[in-house]
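For reference, the structure discussed in these notes is given below.
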Amino acid sequence: MPFRGRTFFGAALLFLPAAATSAAAQNLSQFIGFGDSTIDSGYYRSLASPGGGATFNSYWAAAVAAGAGIPTTSPGLMSSQALAALLGLTALPADQPGGTNYATSGAKNVDANDATNGGFTAAIPTVTQIQNYLAAVNGHANGNALYLISSGGNDVSFALGSSGAGPYPANPTAYLTNVATSLAAEVAQLQAAGAQYIIVRDLPYSFGNASAQADRLLYTQALWSTLAADGVNFIPSDYNAVRLAIAANPASFGFLFIDTGHPACTQPAGVTSAWALLCSSNPGAPSTLVSPTADQDHLFADDQHLTTAGQKIVADYEYSLLVAPSEISYLAEVPVKMRTGIVNAIWNQIPISFGQGGAYHGWIAGDVSWLKMENDPNFPSDPGTPAAVTGGFDYRFMQDWILGVAFSLGRATQSFSLGGDFTINEVAVSAYAGYRHDPYWFNVAATWGSLRFDVNREVPIGITTQSNLGSTSGYNISLAGEAGYEFTHVINGHEMKDGPIVGVLWQRIQVDGFTETDQFASIGGFTALSYDDQIRYSAVSELGYQASIKLGLWQPFAKLTWNHEWADPNRLVTASLTSVAAPSYSLPAVMLGKDWGAGTVGTRVQIGPSATAYAALIAQLGQDCVVEYGGQFGISLAINP
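Shown next, in the form of structure tokens:
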């Protein structure tokens, strides 16, 4: 769905990259929230009242006793709680033991609530919430925490003259710009203190009367653009697009009613707003559900807050924004492993070409493996089955040298644990050489491969699954070398060769940027993202030992190496929303282990006067977050001049 007023940030902001701090692994250990009732998880439950006026306060004790006290259809979760739960974390209110959610219903950005500006008088302004957190941690924010910020709606209400007795801002535009920039400045301090993962929501500027829409849009503009100008790397959460998607097709999300005129919670006498705080499915609560399923088939709990089902949709959406860069980072990681298969095919062929006789050799080899890469336990993993076919031709000259070329076709389909998958097709050409002069030997191979990616990234949103499709291209350039020393023995009449080996495989992988298209664009396209180019460098050394023995027509062989990745694994993946013009954001790619072992066991067999075949089992052992094993087989023909 096209964005209404898509140009409000201007062309410059569209291309403003988000600055990132360190590219640490996404091992999120804590949830921390700042804001108002959109994410308040029960801050007032420990208080005698929220300061909502005599009538509202009179209901409070009974509401809390019946399980109410958060602004949704209790006992359902707020979006903050649901998002934290997806990460294996909690979002307990900050005034409760172990709590880290500082959000308080009714909070404005800067000003405390009173009779003039309205709202719960116990609310703590969002800027003050952040300051309280930084004071509690001595100015050192948790770099592995997820920070969720949702605030500004109450400031808009005051600017519109809909909150408090006044006087209201004489210049609403100046007021909203000021509170937005004040919050942005405090978020910048939060990042400077060490925060790395910060989600900042917009306001639903496509809903309400014309004045409400204009002011919500103005506030969102000021907040996001100031954050970007201040160099804050934040994840922009387009709550407005979520609302638009639901409004476009309520039934797909399971809703019968999506307007505030049909709330899920009964309205207590004398309460005109925010009665979801008094609502519980417990019949003893001052406000209860209008029907047993109202928490799932109504979007709004009261005149402004979402039901359990609505909260879950928002949490799922924000989780998808958080994990998408990690998922897409696999597009640059899988080719690293695919290239190893091509190089192994060449390394396995060179000894055959030296041992077959004849000057010319033609060969073909195939391999298939099972590959699984994992990130943090709460982020998606990526299992799949890379496969390749490589064929080549080489020429032996001067007795000690072989020169050859090879062509490869590779394919890998890797799945996302959230749903969907991506497919990589590679067409590669290699030039290689081998040298043998007992007891020394070495091999070298240079390969260029063209990559094609087709992506189907599925995102569970509530009861729906949004399928985001995209295609792009790229390439992989590599240079591999291997050398060793061979000892020769005769054991019971059989020649055995063994010795140490060293090697290196250098790669440069590029994945071109691309934009996803939501398969269900008719209901919003709100989960589709755009991604910048990715570049992945890899430089893997190997140190090990290998051995082979001739047993008539058979020649079993084995190889064991220890591998180390020397290239810096810290890299960022930059994503942008497609539902609205917004600053891009950058998050770390999947972080894989830098050390592992690799083993090969196989045999060559002479199947004719000029034909040799081989088969080998290959396994990778001990690399953090990676499991891989597979097999390779091939046949070679010697062609006499």
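When we follow this note's numbering, the leftmost residue of the sequence shown carries the number 7, and every step to the right adds one. We treat Cβ as the ideally placed atom computed from N, Cα and C, and that holds for glycine.
Per-residue DSSP class, three states only, for residue i
{"i": "Ala270", "result": "coil"}
{"i": "Phe259", "result": "helix"}
{"i": "Tyr174", "result": "coil"}
{"i": "Trp376", "result": "strand"}
{"i": "Asp244", "result": "coil"}
{"i": "Pro341", "result": "helix"}
{"i": "Gln310", "result": "coil"}
{"i": "Lys114", "result": "coil"}
{"i": "Asp400", "result": "strand"}
{"i": "Pro357", "result": "helix"}
{"i": "Phe520", "result": "strand"}
{"i": "Arg577", "result": "coil"}
{"i": "Ser212", "result": "coil"}
{"i": "Pro562", "result": "strand"}
{"i": "Lys556", "result": "coil"}
{"i": "Tyr551", "result": "strand"}
{"i": "Lys318", "result": "helix"}
{"i": "Tyr108", "result": "coil"}
{"i": "Thr232", "result": "helix"}
{"i": "Asp504", "result": "strand"}
{"i": "Asn569", "result": "strand"}
{"i": "Phe126", "result": "coil"}
Residue from the options whose Cα sits closest to the Cα of residue i
{"i": "Glu339", "options": "Ser554, Ser111, Ile515", "result": "Ile515"}
{"i": "Pro103", "options": "Ala69, Asn119, Ser52", "result": "Ser52"}
{"i": "Ala321", "options": "Asp630, Val206, Ile408", "result": "Val206"}
{"i": "Ser243", "options": "Ala97, Val277, Tyr203", "result": "Tyr203"}
{"i": "Lys38", "options": "Leu229, Leu95, Asp236", "result": "For the sequence presented, residue 38 should be read as Ile rather than Lys. Considering only alpha carbons, the answer is Leu95."}
{"i": "Leu424", "options": "Ser332, Ile497, Met502", "result": "Ser332"}
{"i": "Ser484", "options": "Tyr543, Gly531, His495, Asp161", "result": "Tyr543"}
{"i": "Pro235", "options": "Asn215, Ala201, Asn123, Ala191", "result": "This sequence places Ala at residue 235; Pro is not what is there. Cα-wise, what sits closest to Ala235 is Ala191."}
{"i": "Gly361", "options": "Ala418, Phe164, Ile555", "result": "Ile555"}
Whether residue i touches residue j by CB criterion (8 Å)
{"i": "Leu295", "j": "Ala74", "result": "no"}
{"i": "Pro99", "j": "Gly159", "result": "no"}
{"i": "Val517", "j": "Leu223", "result": "no"}
{"i": "Ser279", "j": "Asp301", "result": "no"}
{"i": "Ala434", "j": "Ile356", "result": "no"}
{"i": "Val188", "j": "Val238", "result": "Looking at the sequence itself, residue 188 is Ser, so the reference to Val does not match. Cβ distance not < 8 Å, so Ser188 and Val238 don't count as in contact."}
{"i": "Ile624", "j": "Thr606", "result": "yes"}
{"i": "Trp353", "j": "Asn246", "result": "no"}
{"i": "Thr470", "j": "Ser212", "result": "no"}
{"i": "Phe40", "j": "Tyr591", "result": "no"}
{"i": "Asp598", "j": "Ala617", "result": "According to the sequence displayed, residue 598 carries Leu and not Asp. No, they are not a contact pair."}
{"i": "Thr134", "j": "Ala186", "result": "no"}
{"i": "Ser156", "j": "Ser111", "result": "no"}
{"i": "Tyr620", "j": "Ala581", "result": "no"}
{"i": "Ala351", "j": "Gly637", "result": "no"}
{"i": "Gly416", "j": "Ala393", "result": "yes"}
{"i": "Gly490", "j": "Trp560", "result": "no"}
Alpha-carbon spacing of residue i relative to residue j, whole angstroms
{"i": "Leu593", "j": "Leu578", "result": "5 Å"}
{"i": "Ala54", "j": "Ala199", "result": "34 Å"}
{"i": "Gly476", "j": "Ala534", "result": "9 Å"}
{"i": "Gln36", "j": "Met84", "result": "17 Å"}
{"i": "Tyr551", "j": "Phe563", "result": "11 Å"}
{"i": "Ala97", "j": "Gly59", "result": "27 Å"}
{"i": "Ser168", "j": "Val633", "result": "58 Å"}
{"i": "Asp444", "j": "Ala365", "result": "19 Å"}
{"i": "Asn462", "j": "Thr523", "result": "10 Å"}
{"i": "Ser293", "j": "Ile130", "result": "25 Å"}
{"i": "Ser375", "j": "Lys343", "result": "10 Å"}
{"i": "Phe413", "j": "Ala371", "result": "10 Å"}
{"i": "Asp161", "j": "Leu34", "result": "31 Å"}
{"i": "Val143", "j": "Pro77", "result": "28 Å"}
{"i": "Asn482", "j": "Ala270", "result": "55 Å"}
{"i": "Ala451", "j": "Gly487", "result": "6 Å"}
{"i": "Ile467", "j": "Ala147", "result": "30 Å"}
{"i": "Leu557", "j": "Thr494", "result": "15 Å"}
{"i": "Ser335", "j": "Gly519", "result": "12 Å"}
{"i": "Tyr441", "j": "Leu511", "result": "18 Å"}
Near the ligand GDP: residue i beta-carbon under 7 Å from a heavy atom
{"i": "Ile467", "result": "No copy of the ligand GDP occurs in the structure displayed, which carries no ligand at all."}
Touch test, the segment 457-465 against the segment 426-439, Cβ-Cβ under 8 Å, three pairs minimum: Yes, the segment 457-465 touches the segment 426-439.
Inter-stretch contact (C-beta, 8 Å, three-pair minimum) for the segment 316-327 and the segment 551-568: The segment 316-327, when compared against the segment 551-568, does not touch it at the 8 Å Cβ threshold.
Validate contact between the segment 138-152 and the segment 61-69 using beta carbons, cut 8 Å, 3 pairs: With the rule of 3 Cβ pairs closer than 8 Å, the segment 138-152 does not count as touching the segment 61-69.
Contact between the segment 256-266 and the segment 218-232 (3+ Cβ pairs under 8 Å): Pairwise C-beta distances place the segment 256-266 out of contact with the segment 218-232, as fewer than three of them are shorter than 8 Å.
Cβ contact check for the segment 539-549 and the segment 495-513: 3 or more pairs under 8 Å: Segments in contact, yes.
Segment contact flag, the segment 303-315 with the segment 393-406, C-beta cutoff 8 Å, min 3 pairs: Fewer than three pairs of CB atoms, one per stretch, sit closer than 8 Å, so the segment 303-315 makes no contact with the segment 393-406.
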